[in-house]
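Numbering (full-length UniProt numbering), first residue to last: 1 to 303.
Beta carbons are placed, not taken as given, at the ideal position from N, Cα and C, and that holds for glycine.
Owing to the predicted nature of the structure, the values given are computational and were not obtained by experimental measurement.
Working notes for the structure below.
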C-alpha cells in the first residue's frame, strides 16, 4: 500500500485533521485548519456513502439488495462506480465484479468478522445483473462489495469538498495545496509531494517513491485484509478464490476512483490490457521477481 506517512514533511503552516470513516483512518492536510462546520460537512459525506454501500450495516442499500431478487435503486453516486466495474468486468474477463460480497463472506470476511472460511462461492455474473441507472435488477440475491473502487471514489468526493472550501477562502495565504489520505489512497492538489511505497511485508521500509502532483495514487496488497493461509480480500469473482498474482500494486491516475479500481484490476490482467481503456502509470511487485514499473511512472523504485 501507499504510505501517506511517507510523504515529504508538510510545510509548518499545514494543518492536519485525522478522523475515522468507512471503517478506516483518514487524514486531510490543508493550508489552514478546517472549521467545525467544514469538518462536519466532510463527515456527513462519508456517512452518507457508508450508509449506501456498506455490507456491514443492516440499514444500508447494499443490505437491502442482498435480501432477494428485485429492482433496487442504488445510491445516487452509483453511476461512476458501477460503470467502472462494468468496464473492468469486461477487461478482466469477469474476474473483477462488484458482486463478490457473498464470496468474501463465505471465506469469513462477513459482518460478524468470524474469519472462519467455508467453501468458496463464485459470484453471480455481473453480466446477468441489469444495471439501468439508477436501478439494479437482480435475478438472485446479490451481496455487493465495491471495496475495490469505492474508497477511491469517496476520496475524490472529499477532495472536491476541500477544494471548494479553500477556493471560497478569500485569504490568499489559505489558498493552495492539500492532500486527502484515505488510509493510503491519496488525492493531491497543488504542489508536488513525495510519497513512499510501503513494502507489504515490512511496513517500516519502502520499495520506492512516487512524486504526486494534481492526481491520485492508490495501492493494493494481499497482506491487507488477510486473515488466513492464502485468504485475502482480492477475489476472483468467477471462482470465489483469492487471486494468486502480484504481492502489491500501485497506480497513479487523474482521480482516485480509477487509480483504486486499476490497482485491483492489475491482480488479474496485464497493464497493457487495462491501457486499452485507461490512462495511468503503475508499479507492480510480483511475488518472485523484480519490481516492474511503467515508463512514465512519476517516481523511483528501489529494487
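To the nearest whole angstrom, what separates the beta carbons of residue i and residue j, a pair I think is in contact under 8 Å?
i           : j           : result
residue 265 : residue 200 : The Cβ separation is near 18 Å, so there is no contact.
residue 85  : residue 126 : 7 Å
residue 101 : residue 145 : 4 Å
residue 209 : residue 300 : 6 Å
residue 185 : residue 256 : 6 Å
residue 122 : residue 296 : Not a contact, Cβ separation roughly 36 Å.
residue 284 : residue 274 : About 12 Å; that fails the 8 Å criterion.
residue 271 : residue 282 : 5 Å
Under the rule that 16 or more other beta-carbon atoms within 10 Å means buried, what is residue i, buried or exposed?
i           : result
residue 37  : exposed
residue 55  : buried
residue 97  : buried
residue 76  : exposed
residue 156 : buried
residue 150 : buried
residue 128 : exposed
residue 99  : buried
residue 35  : exposed
residue 182 : buried
residue 7   : Reliability of the predicted coordinates at residue 7 is poor, the pLDDT of 49 falling under 50, and no value is obtained from them.
residue 279 : exposed
residue 159 : buried
Nearest to residue i by CA position, among the options, is which residue?
i           : options            : result
residue 192 : 215, 55, 239       : 215
residue 206 : 212, 197, 213      : 197
residue 268 : 222, 163, 256      : 222
residue 233 : 162, 120, 256      : 120
residue 246 : 176, 181, 257, 220 : 220
residue 304 : 153, 123, 99, 166  : Limits of the chain in this structure are 1 at one end and 303 at the other, which puts residue 304 out of reach.
residue 28  : 123, 138, 70, 188  : 188
residue 179 : 217, 202, 148      : 217
residue 235 : 95, 25, 52, 177    : 95
residue 107 : 164, 15, 302, 237  : 237
residue 165 : 33, 124, 281       : 33
residue 139 : 50, 69, 49         : 69
residue 48  : 169, 74, 82, 204   : 74
residue 242 : 83, 203, 105, 26   : 105
residue 92  : 286, 277, 287      : 277
residue 46  : 30, 26, 31         : 26
Open item on the list: Three or more C-beta pairs under 8 Å: does that hold for the segment 245 to 260 against the segment 55 to 65?
Closed with: No contact exists between the segment 245 to 260 and the segment 55 to 65.
- [ ] Quick one: which unbroken beta strand (DSSP E) runs of 3-plus residues sit fully inside the segment 234 to 293? Chain order, please.
- [x] Entirely contained in the segment 234 to 293, the beta strand (DSSP E) runs reaching 3 residues are, in chain order, 248 to 253, 281 to 285.
Open item on the list: Report the start-end ranges of each alpha helix (DSSP H) in the segment 86 to 159 that is 4 residues or longer and not cut off at the edges.
Closed with: The segment 86 to 159 contains, as complete alpha helix (DSSP H) runs of 4+ residues, the segments 101 to 106 (chain order).
TODO: Give a yes or no on contact between the segment 36 to 52 and the segment 132 to 142, applying the rule of three or more CB pairs nearer than 8 Å.
DONE: At 8 Å Cβ cutoff, the stretches do not touch.
Open item on the list: Assess contact between the segment 103 to 121 and the segment 11 to 29, defined as three or more Cβ pairs (one per stretch) separated by less than 8 Å. Is contact present?
Closed with: Put simply, the segment 103 to 121 does not touch the segment 11 to 29. Fewer than three CB pairs are less than 8 Å apart.
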